[in-house]
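Trainee: Numbering (numbering that gives the first Met the number 0), first residue to last: 0 to 398.
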Amino acid sequence: MTMGVSLPRKELFDVPEGVIYLDGNSLGVLPKGAAARAQKTITEEWGAQLIRAWNSAGWMALPQVVGDRIGELIGAPAGSVATGDTLSIKVYQALAAALKMRPERKVILSDNGNFPSDLYMAQGLISTLDQAHSLMIPAPEDVLESITEEVAVVMLTQVDYRTGRMHDMAAITKRAHEMGAVMIWDLAHSAGALEVDIAASGAEFAVGCTYKYLNGGPGAPAFIYVRPDIVDSIAPALSGWLGHDEPFAMEVNYRPALATERMRVGTPPILQLAVLQEALKAWDGVDMAELRAASERLSDLFVAEVEARCPQLTLASPRDADARGSQVSFAFEHGYAAIQALTARGVIGDFRAPNIMRFGFTPLYLDAADVVGAAEIIEDVMANELWRDPKYSVRSRVT
Ligand SMILES: *Cc1c(COP(=O)(O)O)cnc(C)c1O
0 MTMGVSLPRK ELFDVPEGVI YLDGNSLGVL PKGAAARAQK TITEEWGAQL IRAWNSAGWM
60 ALPQVVGDRI GELIGAPAGS VATGDTLSIK VYQALAAALK MRPERKVILS DNGNFPSDLY
120 MAQGLISTLD QAHSLMIPAP EDVLESITEE VAVVMLTQVD YRTGRMHDMA AITKRAHEMG
180 AVMIWDLAHS AGALEVDIAA SGAEFAVGCT YKYLNGGPGA PAFIYVRPDI VDSIAPALSG
240 WLGHDEPFAM EVNYRPALAT ERMRVGTPPI LQLAVLQEAL KAWDGVDMAE LRAASERLSD
300 LFVAEVEARC PQLTLASPRD ADARGSQVSF AFEHGYAAIQ ALTARGVIGD FRAPNIMRFG
360 FTPLYLDAAD VVGAAEIIED VMANELWRDP KYSVRSRVT
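1) Rounded to whole angstroms, what is the Cα-Cα separation between G74 and W386?
2) Less than 8 Å between the C-beta atoms of A121 and L134, yes or no?
3) If I follow the unbroken alpha helix (DSSP H) through S87, where does it start and stop?
4) Do you know how far the Cα of M262 is from the Cα of Y224?
5) Where does R261 fall in DSSP's three states?
6) In angstroms, rounded to a whole number, what distance separates the CA positions of P246 and G83?
7) Indicate whether the contact test is met: 3 or more Cβ pairs, each with one atom in the segment 27-41 and one in the segment 207-219, closer than 8 Å.
8) Say whether the segment 180-188 touches the segment 37-49, bearing in mind that this needs 3 or more beta-carbon pairs closer than 8 Å, one atom from each stretch.
9) DSSP beta-bridge partners for V4?
10) Whole angstroms are fine: how far does the CA of Q63 sit from the CA of I41?
11) For W282, name the three-state secondary structure that DSSP assigns.
12) Among all residues, which have a Cβ less than 7 Å from at least one non-hydrogen atom of ligand 1, and in what chain order do they fall?
13) How big is the Cα-Cα spacing for L118 and V142?
14) Measure the beta-carbon distance from I347 to V65 and round it to whole angstroms, keeping in mind my assumption that it falls under 8 Å.
15) From E332 to M287, what distance separates their C-alpha atoms?
16) To test your reading of the DSSP string, which unbroken alpha helix (DSSP H) runs of 4 or more residues are found completely within the segment 139-226?
17) Quick check: the Cα distance between K105 and G179, rounded to an integer number of angstroms?
18) In three-state DSSP terms, what is T266?
19) To the nearest angstrom, how far is the alpha carbon of P255 from that of S87?
20) Within its chain, find whatever has a CB closer than 6 Å to the CB of K89; leave out the 5 residues flanking it on each side and keep chain order.
21) Would you call the segment 149-165 in contact with the segment 318-330, where contact means no fewer than 3 C-beta pairs closer than 8 Å?
22) Please go through the same chain and pick out, in chain order, the residues whose beta-carbon is closer than 6 Å to the beta-carbon of L279, but skip the five residues on each side of it.
23) Which whole-angstrom value is the C-beta distance of R226 and A258, which I expect to be below 8 Å?
24) Let me check understanding here. Comparing Cα to Cα, which of R8, F329, V327 and M356 lies closest to Q339?
25) With 16 other CB atoms within 10 Å as the buried threshold, where does N113 fall?
26) Taking all protein chains shown into account, decide if M182 is buried (16 or more other Cβ within 10 angstroms of its Cβ) or exposed.
27) Grab the span of the alpha helix (DSSP H) containing F301 for me, first residue to last.
28) Quickly, what does DSSP pair H243 with across the bridge? List them, please.
29) Is it the case that the segment 123-130 contacts the segment 147-161, given that we only count it when at least three CB pairs across the two stretches are under 8 Å?
30) Would you kindly work out how many angstroms separate the C-alpha atoms of E43 and W53, rounded to a whole number?
31) List the DSSP bridge partners of G17.
32) Within 10 Å of its beta-carbon, does D228 have 16 or more other beta-carbons around it, so buried, or fewer, so exposed?
33) Within the continuous alpha helix (DSSP H) that includes R36, where are the two ends?
34) Pull up the CB-CB distance for S298 and F350, whole angstroms please, since I reckon it's below 8 Å.
35) With DSSP collapsed to three states, give me the class of D349.
36) Keeping to the same chain, check which residues put their C-beta closer than 8 Å to that of P267; ignore five residues upstream and five downstream.
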């Protein structure tokens, strides 16, 4: 057995004094090297080298280099992961390509716990295609039996953003393939949170974002995986010049690049990619099995501590750590105000409508003392009804 570096690695991150950050599943914390890297990219590369930096500073290769590093974290071979754009765009691209692979079928199967943007992108694509496709969204537990020979594409997020409930990637992919459907996994709450072996799953596509557990910062680029044996036959719906086989040949007709690079669209976000590349260094030497074990220990401890201290809260996540991702949610009628009261006391989680208080566990920078410290503050807010202060009920744009 290989032993990874020991966790947590708090020394690699800047977490503000007095904050217990249980929101790394929404926006990861700032890696210590990020600011210097951004500064270097801006002054030494953009500033000094100007357009020459595309070659001299390796900008042109950066989307692929970063894609390969993400690939290592999700079990994808080199060259099979492209980066850029946002996750919503990558969902659209994967879904459009998948539907083209099954032109005779009209059903997209997802679930009603999926993140709204994934469902909205499917609805938009259906309307653009105008070919009588439909989107089916059964309850998550009914997905497996809903996969029939009518289904063109099964498109699911592995870890439910609200409850943390986890789909069985192997079993669902197997069933999808038995029924002749194409499989797309959204790894938004999986990449950097769990062991993922996307190649072993056999899924045709996977997508995800990098500003959650991968700490790439707000607006960091998304990623898309295409199974290498099918990539040659994939028709990109968003056929931009940087997905062309030879962008600088300036041909008038689109010719897709030979590999997953064809899923790129336009000019890559170099500043964000540079910061992301720096952020990904925190994963060097991390054993994903050890990370997962640490995540399960932290979230189990949190469930035990909060349930013992706060009878007002109802666990909304699977009790069995094996069945959930790296987050724990509790339902509470006044969840919005309670999250505001907690934030004011340095415990940052988030609220998801209608009544979910959600807490993410990131073993790279959290330990058991953080979990117990957070539980103590949650107990104070609940037992003393501190959430009743009217200032905590004023809604902000971002919850
Ligand atoms: C976070 C998240 C998104 C967000 O998409 P963006 O385009 O990056 O804003 C989409 N889907 C899922 C499942 C998510 O968890």
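Each residue gets a CB set at the ideal place from its N, CA and C atoms; glycine is no exception. Since this is a predicted model, take the numbers as computed values, not measurements.
Mentor: Quick answer:
1) As a working mapping, residue 74 is identified with position 75 in the sequence shown. As a working mapping, residue 386 is identified with position 387 in the sequence shown. For the pair G74 and W386, the Cα-to-Cα distance works out to about 43 Å.
2) Counting from one through the sequence shown, the residue named residue 121 turns up at place 122. Counting from one through the sequence shown, the residue named residue 134 turns up at place 135. It is a contact, given that the beta carbons lie within the stated cut-off.
3) Locating residue 87 in the sequence shown gives position 88, counting from the first residue. Taken as a continuous stretch (DSSP letters only), the alpha helix (DSSP H) holding S87 covers L86 to M100.
4) To locate residue 224, count along the sequence shown from 1; it is residue 225. To locate residue 262, count along the sequence shown from 1; it is residue 263. Straight-line Cα distance between these residues: approximately 9 Å.
5) Start at 1 with the first residue of the sequence shown, and residue 261 comes out as number 262. R261 sits in a helix when the DSSP states are folded into three classes.
6) In the sequence shown, residue 246 corresponds to position 247, counting from 1. In the sequence shown, residue 83 corresponds to position 84, counting from 1. Between P246 and G83, the C-alpha separation is close to 16 Å.
7) yes
8) no
9) Here residue 4 refers to the residue found at position 5 when the sequence shown is read from its first residue. According to DSSP, V4 bridges with nothing at all.
10) Locating residue 41 in the sequence shown gives position 42, counting from the first residue. Locating residue 63 in the sequence shown gives position 64, counting from the first residue. Taking the straight line from one Cα to the other gives about 20 Å.
11) For the purposes of this step, residue 282 is identified with residue 283 of the sequence shown, where counting begins at 1. In the structure shown, W282 sits in a helix (DSSP, three-state: H, G or I).
12) T85, L86, S87, I88, V90, N113, F114, S116, D117, T156, Y160, D185, A187, H188, C208, K211 and A221
13) If you number the sequence shown from 1, residue 118 lands on position 119. If you number the sequence shown from 1, residue 142 lands on position 143. About 15 Å.
14) As a position in the sequence shown, residue 347 is number 348, starting the count at 1. As a position in the sequence shown, residue 65 is number 66, starting the count at 1. Their Cβ separation, rounded to whole angstroms, is 27 Å, which puts I347 and V65 out of contact at 8 Å.
15) By 1-based counting over the sequence shown, the position of residue 332 is 333. By 1-based counting over the sequence shown, the position of residue 287 is 288. Rounded to whole angstroms, E332 to M287 spans 36 Å at the Cα level.
16) 142-145, 168-177 and 197-200
17) For this step, residue 105 is matched to residue 106 along the sequence shown. For this step, residue 179 is matched to residue 180 along the sequence shown. Rounded to whole angstroms, K105 to G179 spans 13 Å at the Cα level.
18) Indexing the sequence shown from 1 puts residue 266 at position 267. Here T266 sits in coil by DSSP.
19) Counting from 1 along the sequence shown, the entry for residue 255 is found at position 256. Counting from 1 along the sequence shown, the entry for residue 87 is found at position 88. So the alpha carbons of these two residues sit roughly 21 Å apart.
20) Taking the sequence shown and counting its residues from 1, the one referred to as residue 89 is at position 90. Within the same chain, K89 has close Cβ partners V206, A221 and I223.
21) They touch, by the three-pair rule.
22) Within the sequence shown, numbered from 1, the residue matching residue 279 stands at position 280. R68, listed in sequence order.
23) Along the sequence shown, one-based indexing puts residue 226 at 227. Along the sequence shown, one-based indexing puts residue 258 at 259. With a Cβ gap of about 11 Å, R226 and A258 do not count as contacting.
24) As a position in the sequence shown, residue 339 is number 340, starting the count at 1. The shortest Cα separation from Q339 among R8, F329, V327 and M356 belongs to M356.
25) In the sequence shown, the residue the question calls residue 113 occupies position 114. N113 should be labelled buried.
26) Within the sequence shown, the letter at position 183 stands for residue 182. It counts as buried.
27) Counting from one through the sequence shown, the residue named residue 301 turns up at place 302. It spans M287 to R308 - the alpha helix (DSSP H) in which F301 sits, taken as one unbroken run.
28) Counting from 1 along the sequence shown, the entry for residue 243 is found at position 244. Paired residue(s): P255.
29) no
30) In the sequence shown, the residue the question calls residue 43 occupies position 44. In the sequence shown, the residue the question calls residue 53 occupies position 54. For the pair E43 and W53, the Cα-to-Cα distance works out to about 13 Å.
31) On the sequence shown, position 18 is the one that residue 17 refers to. Partner(s): none; G17 has no beta bridge.
32) Mapped onto the sequence shown, residue 228 falls at position 229. Classification of D228: exposed, given that the 10 Å Cβ count is below 16.
33) As a position in the sequence shown, residue 36 is number 37, starting the count at 1. Unbroken alpha helix (DSSP H) run through R36: A33 to K39.
34) Residue mapping note: residue 298 aligns to position 299 of the sequence shown, counting from 1. Residue mapping note: residue 350 aligns to position 351 of the sequence shown, counting from 1. At roughly 18 Å, the Cβ-Cβ gap does not stay under 8 Å, so S298 and F350 are not in contact.
35) Against the sequence shown, residue 349 aligns to sequence position 350. In the structure shown, D349 sits in a strand (DSSP, three-state: E or B).
36) Along the sequence shown, one-based indexing puts residue 267 at 268. Here the set comprises W58, L61, P62, T82, G83, P220 and L241.
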